[in-house]
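As structure tokens, the structure follows; a few thoughts come after it.
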Ligand SMILES: [Zn+2]
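Residue numbers (the working numbering): 13 to 406.
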């Protein structure tokens, strides 16, 4: 199935005129769908073309629709309704206009990366081996978090006639992508970041114990390795592995925890699958799969499509990513390739069309372009030309 969509923020559509934007996307650019941020994290967004304010800033993550009270009754983690949706339902307005314009709507759903939810519900957050909270990351092992995210997706799929639900950050959050200004003076390397990313919250401790892991001993070992790195001032500690793969090969309980984390993310994706019913389900892969707990082959069995963010100026990089994913996870036509349509990854329209052609050659038929309100206005024509190439390949 050929599938073209563009990510967009609800505030951009509301300010520019919902009907005007969806008609432009359908008639001028030729897109099949628009991917609207329905649940989103904090943002500082410079808006090069808008009828509204030049900056859109919010320190709080939130949802951009009116939650269905009947679905949310009794759910421990209640969503934060963004101020933009306080007295209107942006998603409902956008869906109605898109329907009039014959444009499909996809929910671009940021699932577990939300600092406001973390501040409100600290016991639902990830917690590292030292016991420190990672406030921007809700933990996918936590039963209340799982109920929250499945309710979120059920609400979206039930009430808005969406074409698709796209899942972003339905995984462990990792170490390094936080909320504040990072201050880090030690390069702990990929292994150090991986160890810092391991969650030892109460739910993860239970999950690890059920998988046969001696969790207190493992946490002690993780702390000891990190303390050595901190003392040594870097990742390379004599007698210790440097690579994550070597650490996993050496330590069977660490490997067992990683497997259990993958099972947690897969089973949560399955719960979301059940919640959204027949709605097309897209699972976005970002970052290292060992850190995220992301098992592409398993998730490809559950979701309808796997999405790769190929934000690069190099067609060879697109080739490598698509080739790896289509070799390990699913057929190329079950992949969606996300492409940035602006600098630095895409400094010219030629870069965009080259990347599109590369993905098409490899059998990819799903494309998502980033992002309506972030790119300069002239770049919308770059996307239009890229979409024309995709159409011509049908
Ligand atoms: Zn956890």
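Every residue gets a Cβ at the ideal spot worked out from N, C-alpha and C, and that includes glycine.
query: Quick one: what's residue 164 bridged to in DSSP?
result: DSSP, once it has assigned bridges, lists no residue as partnering residue 164.
CA-to-CA distance, residue 272 to residue 41, given in whole angstroms: 44 Å
- request: Keeping to the same chain, check which residues put their C-beta closer than 7 Å to that of residue 44; ignore five residues upstream and five downstream.
  value: 15, 16, 17, 116
message: When you compare the CB positions of residue 316 and residue 293, do they come within less than 7 Å of one another, or not?
response: yes
query: What did DSSP end up calling residue 45 once you bin it into helix, strand or coil?
result: strand
query: Should residue 138 be listed as close to ligand 1, given that the test is whether its C-beta is under 6 Å from any heavy atom?
result: yes
- prompt: Whose CA, out of 360, 339, 93, lies closest to the CA of residue 324?
  reply: 360
- prompt: What three-state label does DSSP hand residue 125 in the structure shown?
  reply: strand
task: List the whole-angstrom C-beta distance separating residue 414 from residue 22, where the pair is believed to meet the contact cut-off of C-beta under 8 Å.
output: Any question about residue 414 goes unanswered here, given that the chain covers just 13 to 406.
query: Are residue 137 and residue 182 closer than 7 Å when you measure CB to CB?
result: no
message: Under 6 Å: does the beta carbon of residue 209 sit that close to some heavy atom of ligand 1?
response: no
- prompt: Within this structure, are the beta carbons of residue 133 and residue 89 separated by less than 7 Å?
  reply: yes
message: So if DSSP puts residue 145 in a beta bridge, which residue, or which two residues, is it bridged to?
response: 139
query: Taking buried to mean at least 16 other C-beta atoms within 10 Å of its own C-beta, is residue 184 buried or exposed?
result: buried
query: Can you list, in chain order, the residues of its chain whose CB lies under 8 Å from that of residue 180, leaving out five sequence neighbours each side?
result: 120, 121, 122, 123, 125, 296, 298
field: Start-end ranges of the beta strand (DSSP E) lying completely within the stretch 321-363, minimum 3 residues
entry: 347-352
query: Helix or strand or just coil, what does DSSP make of residue 401?
result: helix
query: Just how far apart, CA to CA, sit residue 254 and residue 291?
result: 43 Å
Beta-carbon proximity list for residue 150, same chain, < 7 Å, skipping 5 on both sides: 124, 126, 129, 130, 136, 137, 157
Classification of residue 193 by the beta-carbon crowding that lies within 10 angstroms, buried from 16 upward: exposed
- prompt: Which word fits residue 58, buried or exposed, when buried means at least 16 other C-beta atoms lie within 10 angstroms of its C-beta?
  reply: exposed
- prompt: If we count the other Cβ atoms within 10 Å of its Cβ and call it buried at 16 or more, is residue 390 buried or exposed?
  reply: exposed
query: Relative to the C-alpha of residue 208, which residue among 233, 405, 225, 334 is closest?
result: 233
- request: Return the residue from the list 289, 309, 401, 279 that minimises the CA-CA distance to residue 342.
  value: 309
field: Any 3 or more C-beta pairs closer than 8 Å across the stretch 261-275 and the stretch 206-226
entry: yes
task: Can you say whether residue 206 is buried or exposed, counting buried as having 16 or more other CB atoms within 10 angstroms of its CB?
output: buried
message: Would residue 303 and residue 186 be called neighbours here (beta carbons separated by less than 7 Å)?
response: yes
query: Near residue 221, which residues of its chain fall below 6 Å by C-beta distance, leaving aside the five closest residues on each side in sequence?
result: 227
message: Let me confirm a value: residue 379 is counted as buried when at least 16 other C-beta atoms fall within 10 Å, else exposed. Which label applies?
response: buried
message: According to DSSP, is residue 278 part of a helix, a strand, or is it coil?
response: helix
field: residue 213 Cβ short of 6 Å to ligand 1 heavy atom set
entry: yes
task: With hydrogens ignored, establish whether the beta-carbon of residue 322 is closer than 6 Å to any heavy atom of ligand 1.
output: no
- prompt: Could you give the uninterrupted runs of the alpha helix (DSSP H) lying entirely in the stretch 58-99, keeping only those of 4 residues or more?
  reply: 81-84
field: Identity of the residues DSSP links to residue 297 by a beta bridge
entry: 320
- prompt: Helix, strand or coil: which one does DSSP assign to residue 376?
  reply: coil
Residue closest to residue 217, alpha-carbon to alpha-carbon, out of 276, 336, 251, 362: 276
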